[in-house]
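Right, one structure below, let's go through it.
Numbering (this note's numbering), first residue to last: 40 to 360.
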């Protein structure tokens, strides 16, 4: 506690996240955006001097819950690897008072994975059976956990550039049957005939090319907050049916979309739908005559919704004491 304000570190937040329904909270967020009860401004990016990184702030207002908030996420360049942190401040839209401050690093990972899973639920073919996940760090593992809630996958393939993966270890960690997960020896093997490809890396450059995909599939991307980071080539957008988390903000900040607009004549107007439209059946679903791309940039409202669920859980615990 900080002067009566709940202050949660990453471990405390992680414990509570296991007890709340993250996908349900996200559905409420996107329904609120569709109905006009929520407001999501564009993220703000501030560059540090001398190319030492950046700081991204994500704001959001949800009047259906009388909440407003902000997440601040620095990306700090270091000699070995960048340092990325994130903190979310939740406030009341009734009196403007702070309600909770929490380490949002793990919160961000789970809500990002759940947002992707929601998109898969909305966009993937009903008979999708093969899931490929490239990138098996904390984000990749969270994506597998969340993806398990939306489809009965017959095979889950994993691959990363650095290798060193063990299907047995991953299966045990995720509580899965040993035969469900397979570790691919190459990206080509991982993506062959897959139905859904989740890119869960921190790469700032393309991870796979469209010609590696042997049949139309759904490709999801989260990328990282490095400047103009992207996991597919910007020129590939013109060859795909593109969806995103929120069309009002994503095209101006997602690296591949910014570059595609600047160098390849692509426009955000070509986005076929976003999650507010998808959860309210206000846009067409893909027909899979070509590849489908879903880009999640991350929204302040997502953080606010999950932080609110965390705070509600805390209050329930206090009531039970």
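Think of the CB as a built atom: it goes at the ideal place given N, C-alpha and C, for glycine as much as any other residue.
Where residue i falls, given that 16 or more other Cβ within 10 Å makes a residue buried
{"i": "residue 234", "result": "buried"}
{"i": "residue 84", "result": "exposed"}
{"i": "residue 63", "result": "exposed"}
{"i": "residue 110", "result": "buried"}
{"i": "residue 308", "result": "exposed"}
{"i": "residue 356", "result": "exposed"}
{"i": "residue 75", "result": "exposed"}
{"i": "residue 346", "result": "buried"}
{"i": "residue 89", "result": "exposed"}
{"i": "residue 191", "result": "exposed"}
{"i": "residue 119", "result": "exposed"}
Inter-residue CB distance, residue i and residue j (contact presumed, cutoff 8 angstroms)
{"i": "residue 217", "j": "residue 223", "result": "Their Cβ separation, rounded to whole angstroms, is 16 angstroms, which puts residue 217 and residue 223 out of contact at 8 angstroms."}
{"i": "residue 183", "j": "residue 213", "result": "6 angstroms"}
{"i": "residue 155", "j": "residue 59", "result": "Rounded, the Cβ-Cβ distance is 18 angstroms, inconsistent with contact."}
{"i": "residue 142", "j": "residue 49", "result": "4 angstroms"}
Through-space distance from residue j to residue i, alpha-carbon basis
{"i": "residue 249", "j": "residue 275", "result": "7 angstroms"}
{"i": "residue 301", "j": "residue 359", "result": "56 angstroms"}
{"i": "residue 325", "j": "residue 44", "result": "45 angstroms"}
{"i": "residue 56", "j": "residue 46", "result": "15 angstroms"}
{"i": "residue 319", "j": "residue 337", "result": "19 angstroms"}
{"i": "residue 128", "j": "residue 227", "result": "42 angstroms"}
{"i": "residue 114", "j": "residue 81", "result": "18 angstroms"}
{"i": "residue 133", "j": "residue 139", "result": "15 angstroms"}
{"i": "residue 175", "j": "residue 199", "result": "7 angstroms"}
{"i": "residue 162", "j": "residue 285", "result": "15 angstroms"}
DSSP-derived helix/strand/coil call for residue i
{"i": "residue 261", "result": "coil"}
{"i": "residue 329", "result": "coil"}
{"i": "residue 110", "result": "strand"}
{"i": "residue 242", "result": "coil"}
{"i": "residue 217", "result": "coil"}
{"i": "residue 274", "result": "helix"}
{"i": "residue 382", "result": "Residue 382 is absent from the model: the chain starts at 40 and stops at 360."}
{"i": "residue 83", "result": "strand"}
{"i": "residue 137", "result": "strand"}
{"i": "residue 127", "result": "strand"}
{"i": "residue 250", "result": "helix"}
{"i": "residue 146", "result": "helix"}
(request) Could you name each continuous alpha helix (DSSP H) segment of 4 residues or more that falls completely within the region 150–202, going from the start of the chain to the end? (result) Every alpha helix (DSSP H) stretch that sits fully inside the region 150–202 and reaches 4 residues is listed by chain position as 177–186.
(request) Could you pull out every unbroken beta strand (DSSP E) segment of at least 3 residues lying fully inside the region 289–338, listed in chain order? (result) Runs of the beta strand (DSSP E) inside the region 289–338: 331–334.
(request) Entirely within the region 51–99 and at least 4 residues each: give me those alpha helix (DSSP H) ranges in chain order. (result) 61–74, all fully within the region 51–99.
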